[in-house]
Amino acid sequence: MPTFPDQFLWGAATAGHQIEGNNLNSDIWAMEHVESAPFVEPSGDACDSYHHYEDDIRLLAESGLDTYRFSIEWSRIEPEPGQFSRAELEHYRRVILECRARSITPVVTLNHFTVPAWFARDGAWAQPEAADLFVRYVRYVVEEFQQLVDWWITFNEPNAGALLLATGSLPLGAAADDLAAAQAALMAEFAARVGGTPGIAAMAIPVLAPQAVENVFTAHRNARAAIKSIASNARVGWSIAVHDFQAEPGGEARRDDILGQAIHPYWAAAREDDFLGVQTYTREVYGPEGRIHTPEDDDTFLTGWEYYPAALGHTVAQAFAYTGVPVLITENGIATADDDARIRYTRAALEGLAETIEAGAEVLGYIHWTLIDNWEWHSGFAMTFGLIAFDHATFERSPKPSLGWLGDVARSNGASLQVDTQLVLAARES
Ligand code: NOJ
Numbered sequence: 331m332p333t334f335p336d337q338f339l340w341g342a343a344t345a346g347h348q349i350e351g352n353n354l355n356s357d358i359w360a361m362e363h364v365e366s367a368p369f370v371e372p373s374g375d376a377c378d379s380y381h382h383y384e385d386d387i388r389l390l391a392e393s394g395l396d397t398y399r400f401s402i403e404w405s406r407i408e409p410e411p412g413q414f415s416r417a418e419l420e421h422y423r424r425v426i427l428e429c430r431a432r433s434i435t436p437v438v439t440l441n442h443f444t445v446p447a448w449f450a451r452d453g454a455w456a457q458p459e460a461a462d463l464f465v466r467y468v469r470y471v472v473e474e475f476q477q478l479v480d481w482w483i484t485f486n487e488p489n490a491g492a493l494l495l496a497t498g499s500l501p502l503g504a505a506a507d508d509l510a511a512a513q514a515a516l517m518a519e520f521a522a523r524v525g526g527t528p529g530i531a532a533m534a535i536p537v538l539a540p541q542a543v544e545n546v547f548t549a550h551r552n553a554r555a556a557i558k559s560i561a562s563n564a565r566v567g568w569s570i571a572v573h574d575f576q577a578e579p580g581g582e583a584r585r586d587d588i589l590g591q592a593i594h595p596y597w598a599a600a601r602e603d604d605f606l607g608v609q610t611y612t613r614e615v616y617g618p619e620g621r622i623h624t625p626e627d628d629d630t631f632l633t634g635w636e637y638y639p640a641a642l643g644h645t646v647a648q649a650f651a652y653t654g655v656p657v658l659i660t661e662n663g664i665a666t667a668d669d670d671a672r673i674r675y676t677r678a679a680l681e682g683l684a685e686t687i688e689a690g691a692e693v694l695g696y697i698h699w700t701l702i703d704n705w706e707w708h709s710g711f712a713m714t715f716g717l718i719a720f721d722h723a724t725f726e727r728s729p730k731p732s733l734g735w736l737g738d739v740a741r742s743n744g745a746s747l748q749v750d751t752q753l754v755l756a757a758r759e760s
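Numbering (our numbering), first residue to last: 331 to 760.
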């Protein structure tokens, strides 16, 4: 029988820019409106969770889940450098209070990819003051919410750029020249939009330039110190993207190279943290010739990722063995239009996780990506990862069966995983 520790957190996650709508002052909003921008559609109103957060939190709580991970948008809190918005701060206070009123534990991400347009204008993470500017914003927020929030995530997937580089997702050679030219044109348009200079203005994500990478590490360390100095009981970590990197014979060096470049430095930096956020969806397999692609078939995510739920248990085991730091799963899920497939995937992922816990890994909780279908960055709204659907005209929410299913798992602290899913769903329908 799957066992999960007492006090295990069971939740769902979102990110401000993907759900709130009209996040007008952020770098990504600016990029979405550049003519040649690589987004299939702009974020627009998203799910209008800025106004519908009460519905989101109510549905989460009614399902049986007990934890909500969401992000605070720096660009709302500080729309111009040094100009802080009381009104936006109060908005997030209402979101947090709504969680607490429903006995939901808030897990707050301070940076989920987006930054204020002015921060991008001045060079994003590459600018010398980057870490100090981030910490100033973090202090402002944490001083206000220290009594209301215990769990803080400084950065979401700061290793996203390192992963692109290490896995070779950014092309080399002639293709790279073409990309660089296209990129330069795009960034010139972006610079104009944020009122900056080409060559200086930069998107916050992906973090590629070595100086920017170093600044992000500094920002994490300094933000952690700042949060702890304000609230000694705060639990601070960062959330690292990691696939289950596997090697066929001859692919070991390639796999180890990826881990060494894109994962281990970020895990190592978490050794002083209170928890390590793990975000896993799939695996990548490497052979002597490089990546071995899995066939696109029915068992593939809408995103094209391989359906491989065992990945979660594997990466959690690796992360805990590498760091000795308790793991909080801050994302795991599947983009699919088939909600039964979402339940199958999540059940298998949790069974694998239970085995990893039984083998000795310290795991604090499981936070599913995502609470509600939302704007999946470049891919737009078609990638439905949500436990809840919504009507794009009225913003009315419709919970999917997977929400109730995961809520039952939460209420029983995993015991219901033993029960046959088909029987439960049939009983719900009759
Ligand atoms: C990673 C990111 O943190 C989140 O924003 C994204 O939507 C999901 N994973 C799915 O791609």
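We put the beta carbon where it would ideally sit given N, CA and C, even for glycine.
Classification of residue i by the beta-carbon crowding that lies within 10 angstroms, buried from 16 upward
i: residue 430; result: exposed
i: residue 488; result: buried
i: residue 451; result: buried
i: residue 716; result: buried
i: residue 601; result: exposed
i: residue 523; result: buried
i: residue 312; result: The structure shown has nothing for residue 312, since the chain only spans 331 to 760.
i: residue 411; result: exposed
i: residue 781; result: Residue 781 lies beyond the stretch modelled for the chain, which goes from 331 to 760, so this question has no answer here.
i: residue 379; result: buried
i: residue 461; result: buried
i: residue 479; result: buried
i: residue 346; result: buried
i: residue 620; result: exposed
i: residue 529; result: exposed
i: residue 395; result: buried
i: residue 623; result: exposed
i: residue 724; result: exposed
i: residue 536; result: buried
i: residue 542; result: buried
i: residue 590; result: exposed
i: residue 636; result: buried
i: residue 525; result: exposed
i: residue 749; result: exposed
Which of helix, strand or coil DSSP assigns to residue i
i: residue 682; result: helix
i: residue 840; result: The shown model of the chain, from 331 to 760, leaves out residue 840, and the question about it has no answer.
i: residue 524; result: coil
i: residue 413; result: strand
i: residue 341; result: strand
i: residue 354; result: coil
i: residue 719; result: strand
i: residue 400; result: strand
i: residue 731; result: helix
i: residue 346; result: helix
i: residue 382; result: helix
i: residue 359; result: helix
i: residue 310; result: Absent from the structure is residue 310, since the part of the chain shown begins at 331 and ends at 760.
i: residue 370; result: coil
i: residue 419; result: helix
i: residue 744; result: coil
i: residue 693; result: strand
Min CB distance residue i to chain B below 8 angstroms
i: residue 587; result: Judged by its chain identifiers, the structure shown contains no chain B, having just a single protein chain.
Next item on the list: Report the residue ranges of all alpha helix (DSSP H) runs contained in full by the segment 428 to 495; include only those spanning at least 4 residues, in chain order.
Entry: 447 to 451 and 460 to 475
Next item on the list: May I ask you to verify whether the segment 709 to 724 touches the segment 364 to 384, counting CB pairs closer than 8 angstroms and requiring at least 3?
Entry: The segment 709 to 724 makes contact with the segment 364 to 384, as at least three CB pairs between them are under 8 angstroms.
Next item on the list: Taking only runs that begin and end inside the segment 593 to 681, name each unbroken beta strand (DSSP E) of 3 or more residues, in chain order.
Entry: 605 to 609, 613 to 617, 620 to 622 and 657 to 661
Margin query: Tell me whether the segment 474 to 491 and the segment 563 to 580 touch, counting them as touching only if at least three CB pairs, one residue from each stretch, are closer than 8 angstroms.
Written below: yes
Next item on the list: Spell out a yes or no on whether the segment 644 to 660 and the segment 605 to 617 are touching, meaning 3 or more CB-CB pairs, one atom from each, closer than 8 angstroms.
Entry: yes
Checklist line | Given 8 angstroms, three or more beta-carbon pairs between the segment 492 to 500 and the segment 452 to 459 | finding: They do not touch, by the three-pair rule.
Margin query: Extract the residue ranges of the alpha helix (DSSP H) inside the segment 504 to 589, only unbroken runs of 4 or more that lie entirely within it.
Written below: 504 to 523, 540 to 560 and 582 to 588
Check: Quick check: the segment 548 to 563 against the segment 578 to 587, are there 3 or more CB pairs under 8 angstroms?
Finding: Taking one beta carbon from each stretch, the segment 548 to 563 and the segment 578 to 587 have fewer than 3 pairs nearer than 8 angstroms; the two do not touch.
Checklist line | Cβ pair count under 8 angstroms reaching 3, the segment 331 to 346 against the segment 680 to 696 | finding: Touching, yes.
Next item on the list: Decide if the segment 437 to 447 is in contact with the segment 396 to 405; the criterion is three or more beta carbon pairs, one per stretch, under 8 angstroms apart.
Entry: yes
Margin query: Quick check: the segment 732 to 748 against the segment 677 to 684, are at least 3 beta-carbon pairs closer than 8 angstroms?
Written below: yes
Checklist line | Contact between the segment 659 to 678 and the segment 354 to 368 (3+ Cβ pairs under 8 angstroms) | finding: no
Checklist line | Sufficient close CB pairs (3 or more, under 8 angstroms) joining the segment 589 to 597 to the segment 665 to 676 | finding: They do not touch, by the three-pair rule.
Next item on the list: For the segment 690 to 699 and the segment 337 to 344, state whether three or more C-beta atom pairs, one from each stretch, are separated by less than 8 angstroms.
Entry: yes
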